[in-house]
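S.K.:
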Amino acid sequence: MSIDLTVAEENFTRIYTPVDGKVMHTLVFASGSGTNFEQGVLESREPESNFDIGLLVTDKERSRGKRIGALTLAQQFSIDAITLDGFKACGNWKEAQKSEKGRAEYQIKMKVFNELLLEKIHAYEREHGFTFDLAVLAGYMRWVKDPLLAYFRNRMINVHPARLDVFREGEPYQRRFVGGNAVYDALRTGETSTRSSVIMVADGEDSGAVLASGPWVLYTGQLPVTQERADQHQDKQKRESDHPTLRFVLRAIARGEIGLHRTLTYPDGNPLVVYKNQLQGYQGVDLAQRPELLRRVG
Numbered sequence: 025m026s027i028d029l030t031v032a033e034e035n036f037t038r039i040y041t042p043v044d045g046k047v048m049h050t051l052v053f054a055s056g057s058g059t060n061f062e063q064g065v066l067e068s069r070e071p072e073s074n075f076d077i078g079l080l081v082t083d084k085e086r087s088r089g090k091r092i093g094a095l096t097l098a099q100q101f102s103i104d105a106i107t108l109d110g111f112k113a114c115g116n117w118k119e120a121q122k123s124e125k126g127r128a129e130y131q132i133k134m135k136v137f138n139e140l141l142l143e144k145i146h147a148y149e150r151e152h153g154f155t156f157d158l159a160v161l162a163g164y165m166r167w168v169k170d171p172l173l174a175y176f177r178n179r180m181i182n183v184h185p186a187r188l189d190v191f192r193e194g195e196p197y198q199r200r201f202v203g204g205n206a207v208y209d210a211l212r213t214g215e216t217s218t219r220s221s222v223i224m225v226a227d228g229e230d231s232g233a234v235l236a237s238g239p240w241v242l243y244t245g246q247l248p249v250t251q252e253r254a255d256q257h258q259d260k261q262k263r264e265s266d267h268p269t270l271r272f273v274l275r276a277i278a279r280g281e282i283g284l285h286r287t288l289t290y291p292d293g294n295p296l297v298v299y300k301n302q303l304q305g306y307q308g309v310d311l312a313q314r315p316e317l318l319r320r321v322g
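Residue numbers for the sequence shown follow our numbering, beginning at 25 and rising by one.
1) Leaving aside the five residues before and after residue 337 along the sequence, list all residues of the same chain whose C-beta is less than 6 Å from its C-beta, in chain order.
2) Measuring CB to CB, does residue 184 end up less than 7 Å from residue 230?
3) Can you give me the C-alpha to C-alpha distance between residue 115 and residue 130, rounded to a whole angstrom?
4) Give the straight-line distance between the Cα atoms of residue 323 and residue 221, rounded to the nearest whole angstrom.
5) For residue 25, which residues in the same chain have their Cβ closer than 7 Å to its Cβ, ignoring the five residues on either side in sequence?
6) Distance check for residue 277 and residue 246, CA to CA, integer angstroms please.
7) Suppose the cutoff is 8 Å on Cβ atoms and the five residues either side in sequence are ignored; what does the same chain contact list for residue 111 look like?
8) Under a three-way DSSP split, which group does residue 25 fall into?
9) Where do the ends of the alpha helix (DSSP H) carrying residue 68 lie?
10) For a quick check, are the C-beta atoms of residue 232 and residue 241 less than 7 Å apart?
11) First and last residue of the alpha helix (DSSP H) that includes residue 128?
12) Excluding the five sequence neighbours on either side, which residues of its own chain have a C-beta within less than 6 Å of the C-beta of residue 219, listed in chain order?
13) Can you tell me whether residue 290 is buried or exposed, with buried defined as 16 or more other CB within 10 angstroms of its CB?
14) Check whether the stretch 91–104 touches the stretch 56–76, counting contact only when three or more Cβ pairs, one atom from each stretch, lie closer than 8 Å.
15) Under the three-state reduction of DSSP, which class applies to residue 270: helix, strand or coil?
16) Which one of 234, 156 and 191 has the shortest CA to CA distance from residue 50?
17) Under 7 Å between the Cβ atoms of residue 307 and residue 190?
18) Can you grab the Cα-Cα spacing for the pair residue 160 / residue 117, in whole Å?
19) Who does residue 158 pair with in a DSSP beta bridge?
20) Does the distance from the CB of residue 12 to the CB of residue 171 come in under 7 Å?
21) Is residue 283 helix, strand or coil by DSSP?
22) Looking at the structure shown, is residue 205 part of a helix, part of a strand, or coil, going by DSSP?
As structure tokens, this is what we get:
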């Protein structure tokens, strides 16, 4: 007997509700090469697209002596960019973790940094006569905290390079593969394939509801897994899982197809995800099981 997973309109909230004659205004945060940013822009420029990307936000201008790729792409696409130097504003995160005083000072600086960034975004909105409907973290290497997070609550998504339905041993619903080195961590623990997730941004590290999980990417590198080999695998994963998953989620949000249940939650507090009025599992829309939802790109 099949279970009816249909959700009534009054029981969930769409991340974005389409309005006739209006596009979903989107901004992207990035810190590096900008490949996910590029994919978002390409999706926004498909003929049937219902969203645009009008602004790029970065926390640096240069890396290793070169201009970061995201800024170069923004210039090529004629997209406005705002850069606020995170290192200059907050200092070195690793150094700050060495003492309680350092950690406390870093938290204060980070809050001020987020306040300044939000002021710049608000100024941009006022100048252009609209407010952003959605924010996308695409390889952005700064913590997003209040008041910036509060402004984009349930309107900010993140591309994370690992599955998030694996939990720490003895700690139910404490996600195992979080943080900036999640691909390496997953491969080192014996995972033979990896996949990307697009999630809501919440207060904790990679802790928000999973909107969609991407195609699996088989690890074909040599053993043992090293950082270099994991990085090479992650480059492949970006192309085969990050990019198509982000494009699907942007497309679905802009069409009003993805929402969050208003009352049903998992033990970790995350709301159940709804896609086209149907409840999804913990991993969100499973694109490995539904490849027909993916756009074929060259």
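Idealized CB from N, CA, C, for every residue including glycine.
M.R.: So, to answer that:
1) Only positions 25 to 322 of the chain appear in the structure, and residue 337 is not among them; the question remains open.
2) Translated into the one-based positions of the sequence shown, residue 184 becomes position 160. Translated into the one-based positions of the sequence shown, residue 230 becomes position 206. Contact flag set, yes.
3) Reading the sequence shown from its first residue, position 91 is the one you call residue 115. Reading the sequence shown from its first residue, position 106 is the one you call residue 130. Each residue's Cα considered, the two are about 7 Å apart.
4) The structure shown does not extend to residue 323, since the chain spans only 25 to 322, so no value can be given for it.
5) Indexing the sequence shown from 1 puts residue 25 at position 1. The predicted model places residue 25 with a pLDDT of 46, which falls under 50 and marks its position as unreliable; any figure quoted below should be read in that light. If we look at residue 25 and ignore the five residues flanking it on each side, it has no Cβ neighbours.
6) Taking the first residue of the sequence shown as 1, we reach residue 246 at position 222. Taking the first residue of the sequence shown as 1, we reach residue 277 at position 253. Roughly 38 Å separates the two Cα atoms.
7) Indexing the sequence shown from 1 puts residue 111 at position 87. So the list reads 83 and 84, once near-sequence residues are dropped.
8) One-based indexing of the sequence shown puts residue 25 at position 1. Here the model assigns residue 25 a pLDDT of 46, short of 50, so the residue's position is not dependable and the matter cannot be decided.
9) Within the sequence shown, residue 68 is the residue found at index 44, counting from 1. Here the alpha helix (DSSP H) through residue 68 covers 59–68.
10) By one-based count along the sequence shown, residue 232 stands at place 208. By one-based count along the sequence shown, residue 241 stands at place 217. No, the pair does not count as a contact, with Cβ atoms beyond the cut-off.
11) Taking the first residue of the sequence shown as 1, we reach residue 128 at position 104. Looking at the DSSP string, the run of the alpha helix (DSSP H) that includes residue 128 is 124–152.
12) By one-based count along the sequence shown, residue 219 stands at place 195. Counting only Cβ-Cβ distances below 6 Å, and skipping sequence neighbours, we find 187, 237, 238, 240 and 265.
13) The residue you call residue 290 lines up with position 266 of the sequence shown. Residue 290 comes out exposed.
14) yes
15) Numbered from 1 along the sequence shown, position 246 holds the residue referred to as residue 270. Correct three-state label for residue 270: helix.
16) By 1-based counting over the sequence shown, the position of residue 50 is 26. Here the closest residue by C-alpha is 156.
17) Working through the sequence shown from its first residue, we reach residue 307 at position 283. Working through the sequence shown from its first residue, we reach residue 190 at position 166. The answer is no: Cβ separation not under 7 Å.
18) By one-based count along the sequence shown, residue 160 stands at place 136. By one-based count along the sequence shown, residue 117 stands at place 93. Distance between the alpha carbons of residue 160 and residue 117 is about 23 Å.
19) As a first step, residue 158 is located in the sequence shown; it is residue number 134 there, counting from the start. DSSP lists 50 as partners of residue 158.
20) Because the chain spans 25 through 322 in this model, residue 12 falls outside it and cannot be assessed.
21) As a first step, residue 283 is located in the sequence shown; it is residue number 259 there, counting from the start. Residue 283 falls in the strand class under three-state DSSP.
22) The residue labelled residue 205 in the question sits at position 181 within the sequence shown. Residue state, collapsed to three classes: coil.
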